[in-house]
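Heads up, the thing below is written out as structure tokens.
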Amino acid sequence: MEKILIANWKMNPVKENEAIKLAKASDQKNVVICPPFVYLQSISKLLRKAKLGAQDAGWNESGPFTGGVSAPMLKNFKVEYAILGHSERRLKFGETDEMIAEKVKSALTAGLKVILCVGEPAAIRKKGTSASKKYVAAQIRNDLGFLNHKSVFLNRVLIAYEPIWAISTSRDPSLKENPEMIFEMINFIRSILNFKFLIHNSRVLYGGSVTSKNIKRIIIHEEISGALVGGASLSSKEFNKIIKITYGRK
Ligand code: PGA
């Protein structure tokens, strides 16, 4: 299966013309661009090769949810993917596993593909690998537990393993990720998907300070299906370097 790169722009850039410029420069095959909601419409019109993703999606189709945007609304703008359960939404917007599970359900029902983010905080990683695995396994169980192995939705669920302490804006300097550790967690997630959901061709990505300097060491493992790139996707030069290294394009 071809690798996939997800560009998570978060709440950037401030100006629409910059967003358009960045989208044009990042418009490559196997790339998913996830801009803020307000740019989805203009970016949906210009993409030729890349796919469009949203950074969140509400858990209801419509109703009294001030500020909310629902999955069926996103579908109208050619959105194909939704990032759900990102650690910033869990921590800064108070999203619980129960809320995330509802969002996953709603997005899948609307026909979106879900990029479910999981990952342990620094305090858990400091306790060791088995504590980290336990934490991530609970997130997957709670966020996807409503799906059974016969669900037609399973092939539309991607998982991004993003240890919170490795994300560029919340780095814990006392911890350092390395390809072996990432590889071990990704294989662990894959084994949960295999045994619990019987998904044998699951896509499990890595995210957390991915740049053109470290992408090669990460992407080289066959088991790692791609990367979720935050900060580095905001520079078209840097993001294009990541694309070139990932796909070996000239
Ligand atoms: P980063 O962000 O690449 O800037 O670490 C990744 C993310 O939070 O999705």
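Residue 218 in my numbering is what sits at position 218 of the sequence shown, and the numbering runs on without skipping anything.
Every residue, glycine too, gets a C-beta built ideally from N, C-alpha and C.
Query                                                                                          : Result
Same chain only: Cβ atoms within 8 Å of Leu-46, ignoring 5 sequence neighbours per side        : Ile-20, Ala-23, Lys-24 and Asp-27
Delimiting residues of the alpha helix (DSSP H) encompassing Ile-243                           : 236-247
Whether Gly-207 touches Tyr-161 by CB criterion (9 Å)                                          : yes
Proximity below 9 Å, CB of Glu-238 to CB of Ser-212                                            : yes
Distance, Ile-242 Cα to Lys-250 Cα                                                             : Unreliable positioning characterises Lys-250 in this predicted model, as indicated by a pLDDT of 49, which lies under 50. A coordinate reading is not provided.
Test item: CB-CB of Ala-57 and Ala-7 under 9 Å                                                 : no
Test item: CB-CB of Leu-116 and Leu-158 under 9 Å                                              : yes
Complete runs of the alpha helix (DSSP H) confined to the stretch 77-124 [at least 4 residues] : 87-92 and 97-109
Beta-carbon spacing of Ala-71, Gly-53 below 9 Å                                                : no
Integer-rounded CB distance, given that Gln-139 should sit under 8 Å from Asp-172              : Their Cβ separation, rounded to whole angstroms, is 19 Å, which puts Asp-172 and Gln-139 out of contact at 8 Å.
Through-space distance from Ile-33 to Phe-146, alpha-carbon basis                              : 28 Å
Coil, strand or helix - Leu-154 by DSSP                                                        : helix
Contact test: His-86 Cβ vs ligand 1 heavy atom, cutoff 8 Å                                     : yes
Span separating the alpha-carbon of Phe-37 from that of Ala-166                                : 26 Å
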